[in-house]
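Have a look at the structure below before the remarks.
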Amino acid sequence: MGILDEDVARVREATNMVAVVSEHIALKRVGRRFQGLCPFHAEKTPSFSVNPELGLYHCFGCGAGGDAIRFVREIEHLDFATAVERLAAKAGITLRYDDAAVGRDRQRRDRLVEATAAAVAFYHRLLLEDPDAGMARKYLRSRGFDGDVARAFSLGWSPDRYDALSLHLQRDKKFARQDLLDAGLAFVNRVNKLQDFFRGRVMFPIFDVRGDPVAFGGRALEGGPKYKNSPESPIYQKSRVLYGLNWAKPDIVAKSEAVICEGYTDVIAFFGAGVARAVATCGTALAEDHLKVLRNFAPNLVLAYDADDAGQNAALRIYQWEASYEIRLSVADLPPGQDPADVGLSDPARLAAAVDGARPFLEFRIERLLRAADLGSVEGRAAAAKGAVAVVAEHPDDLVRDQYLMQLAERVGIDVDRLRRAAAAGAGAVGASNAPPPRAGAERRRLPARDRAEVEALRVAVHEPGLVADRLDGALFADPVVREAYCLLASSATFHEALERAGGEVHELLQRLAVEDLPWADDPVTYATSVLVQLVEAAGTRRLAVMVRTGDDRASDLKAVLETLVSNRSAGTWTVAADAAEQLLPWVAGSGEE
Ligand SMILES: [Zn+2]
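In terms of my numbering, the sequence shown opens at residue -4 and continues consecutively.
If you want it as structure tokens, here you go:
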């Protein structure tokens, strides 16, 4: 059901794996493959590899791997069909569906995005040209945003008329009434007429991670609620979309850090200050889904607002997120009571410094407490210590707790053991010992040891199948995993087909080999022959042992050929050794492993 298999295969063929991955992480060429930091787990040394020829990726750290479709699915949390569509659009391939309803859904989504794009263009042109937009231009200038900023962020102005956009989209752009309703651009009013959702507002278009316009935030210049956001729609889910992510993605990946703000103007102020990695939640509180999206791009998240306002519940949630998503949340060092847009207006350099000086969330909370305390008196120090210990006790990791307690002891001049006892009582009280265990993927995975010649033979079969065609046989492999991998490969039309049929360890082995360095720098033919000879020698030796044991009288014939192979292999006369291997193959092939 869904997209025709044939079209999925065409998309896979046409996709440039390196280009797709490079949108998310920096890749470096190493020999015939590419390498970078894994976007699926936190790491400092690159263990993520891409094989451009086979269109595959594999992480030696966490085991993540697959083809371009898998990569797009995982990194952008898309379902299979959406990931294929995404890649198809890039490759200029028109997809066909075996279920008309699914195709209609996709077309519907495209139509709503088109309508939203037309609204973005309409509002933008009005902001730049309409005499009535003078107030809006004046407001933006007062925030330090000039025409270049308006163009870079496609800012707009929704006129103070009840159906300006609705008329334009229906009459000039031929959109249907239902398109406008479904995209959240208009609603049906009391006299059953279409009315624009936004009027008299400065418009901030919201784009999804791919850069498709999906919604708006509108700021009122007078009266009414200051900000209004598009309703949720088939193309806009508030908890998943972050304003600015489409522009911030490259810098977030490059710096391994995202700055999270509360407002559209905060994001623009950060970009203006040269911090091009800011995003904002769209009129909602930071939610777990937002973190899941951001985690794909960077593990370090800097909150550029007062995260402590929401109190203890927010704190516990943040520690839990840090543990379960392997992220680090810190708080930007902004002047108290000011949001980034204000700071950016008066002192843009201060914004960059606020991000550089971000502190871990716990440190930020302790610091604020101590700053407010009277550390000059005994009573003041005792009260500050008590408050700070309670804050420390909320952290689920006892090593982290202890380091903060040691620092705190020094600051307040109280013995650390007393603080530890107080914290232990507090930690029990908030049940912080239920922290989830660290994820296994964090450490480099150990792979089972395998026979080198067998693995190398399989590697040649993966990369240079022509060199070993008809010279290999499943029976040559003693390791059942390697043997199954080879047999799947030999019985599949393409590498991808073999990979799809493989499960568990076999799948992992094939995937890993596909992206590993190739050891035969300039002479693949000799390399393939040497591997093959070693493999046949080992299998021949095993076969000989069985024949001798069972009293098979052909044992001496086998032994003679085997000796020829061994002596030529040691002498490096590969053509003779290869001939001997070819003679031995029927002896060992199909013989099983008695
Ligand atoms: Zn990984």
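The beta-carbon is built from N, C-alpha and C at its ideal position, and this holds for glycine as well.
Strand pairing of residue i, partner residues [DSSP]
{"i": "P355", "result": "S325"}
{"i": "L51", "result": "N46 and D62"}
{"i": "G151", "result": "M198"}
{"i": "R24", "result": "F29"}
{"i": "S228", "result": "Y231"}
{"i": "L189", "result": "V183"}
{"i": "T276", "result": "L237"}
{"i": "E252", "result": "N295"}
{"i": "K223", "result": "G213"}
{"i": "I361", "result": "The partner list for I361 (beta bridge, DSSP) is empty, contrary to what the question assumes."}
{"i": "I(-2)", "result": "Y92"}
Nearest-angstrom beta carbon gap, residue j and residue i [assumed within contact, 8 Å]
{"i": "G239", "j": "V288", "result": "No, G239 and V288 are not in contact; Cβ-Cβ is about 12 Å, not under 8 Å."}
{"i": "P222", "j": "R235", "result": "What sits at residue 222 in the sequence shown is Tyr, not Pro. Not really, about 19 Å apart at Cβ, beyond 8 Å."}
{"i": "P476", "j": "A534", "result": "A small correction: the amino acid at residue 476 is Val; Pro does not occupy that position in the sequence shown. That pair is no contact at about 16 Å."}
{"i": "L296", "j": "I322", "result": "6 Å"}
{"i": "A388", "j": "R396", "result": "7 Å"}
{"i": "Y314", "j": "P391", "result": "5 Å"}
{"i": "L484", "j": "V457", "result": "7 Å"}
{"i": "D191", "j": "S225", "result": "Actually they are not in contact, since the Cβ atoms of D191 and S225 sit about 12 Å apart, beyond 8 Å."}
{"i": "R104", "j": "P208", "result": "So it is not a contact: roughly 12 Å between Cβ atoms."}
Pick from the options that is closest to residue i, judged by C-alpha positions
{"i": "E577", "options": "L365, V463 and A497", "result": "V463"}
{"i": "A550", "options": "L579, Q30 and A523", "result": "L579"}
{"i": "N561", "options": "A377, S525 and P245", "result": "Looking at the sequence itself, residue 561 is Val, so the reference to Asn does not match. Taking only the C-alpha atoms, the option nearest V561 is S525."}
{"i": "R65", "options": "G375, V6 and R24", "result": "V6"}
{"i": "G267", "options": "Q30, D141, R101 and G498", "result": "D141"}
{"i": "E495", "options": "A419, L51, Y231 and C33", "result": "L51"}
{"i": "Q102", "options": "A116, A76 and L49", "result": "A76"}
{"i": "Y134", "options": "W152, S225 and Q506", "result": "W152"}
{"i": "R156", "options": "R104, A128 and A78", "result": "A128"}
{"i": "E283", "options": "E317, A293, K250 and R272", "result": "E317"}
{"i": "W515", "options": "A4, R27, G(-3) and V15", "result": "R27"}
{"i": "K612", "options": "V115, P220, A385 and V541", "result": "No statement about residue 612 is possible, as the shown extent of the chain runs from -4 to 589 and does not include it."}
{"i": "E109", "options": "Q165, E124, E38 and S341", "result": "Q165"}
{"i": "L49", "options": "D62, S42 and L32", "result": "D62"}
{"i": "E479", "options": "A497, A344 and R413", "result": "A497"}
{"i": "Y320", "options": "A299, P294, L311 and D328", "result": "P294"}
{"i": "P519", "options": "L150, V455, A509 and D465", "result": "V455"}
{"i": "N187", "options": "F211, D412, D158 and G58", "result": "D158"}
{"i": "A253", "options": "A37, A419, L286 and E358", "result": "L286"}
Extent of the continuous beta strand (DSSP E) to which residue i belongs
{"i": "F211", "result": "P208 to A215"}
Residue interval of the alpha helix (DSSP H) (run including residue i)
{"i": "T545", "result": "Note, T545: premise wrong, no alpha helix (DSSP H); not H, not E."}
{"i": "V97", "result": "A95 to E124"}
{"i": "H491", "result": "F490 to R496"}
{"i": "W582", "result": "W569 to V583"}
{"i": "D203", "result": "Taken as a continuous stretch (DSSP letters only), D203 belongs to no alpha helix (DSSP H), as it is neither H nor E."}
{"i": "C57", "result": "Per DSSP, C57 belongs to no alpha helix (DSSP H) and is neither H nor E."}
{"i": "S562", "result": "A550 to A566"}
{"i": "E80", "result": "F75 to A86"}
{"i": "T10", "result": "T10 -> no alpha helix (DSSP H), and no H or E assigned at all."}
Interface flag, residue i vs chain D, CB-CB below 8 Å
{"i": "V67", "result": "Annotation note: the requested chain D is absent from the structure, which comprises a single protein chain."}
Closer than 7 Å: residue i CB and nearest ligand 2 heavy atom
{"i": "H36", "result": "For ligand 2, the structure offers nothing, since it holds only ligand 1."}
Is there contact between the stretch 563 to 582 and the stretch 479 to 493, where contact requires at least three CB pairs shorter than 8 Å? no
Can at least three beta-carbon pairs, one atom from the stretch 86 to 101 and one from the stretch 55 to 73, be found at a separation below 8 Å? no
The stretch 161 to 179 / the stretch 200 to 208 touching (three or more Cβ pairs under 8 Å): no
Given 8 Å, three or more beta-carbon pairs between the stretch 120 to 133 and the stretch 179 to 188: no
On the three-pair Cβ rule with 8 Å, is the stretch 399 to 406 touching the stretch 359 to 379? yes
At least 3 beta-carbon pairs within less than 8 Å: the stretch 250 to 261 vs the stretch 329 to 349: yes
Within the chosen definition, does the stretch 471 to 485 reach the stretch 6 to 22 through at least 3 CB pairs nearer than 8 Å? no
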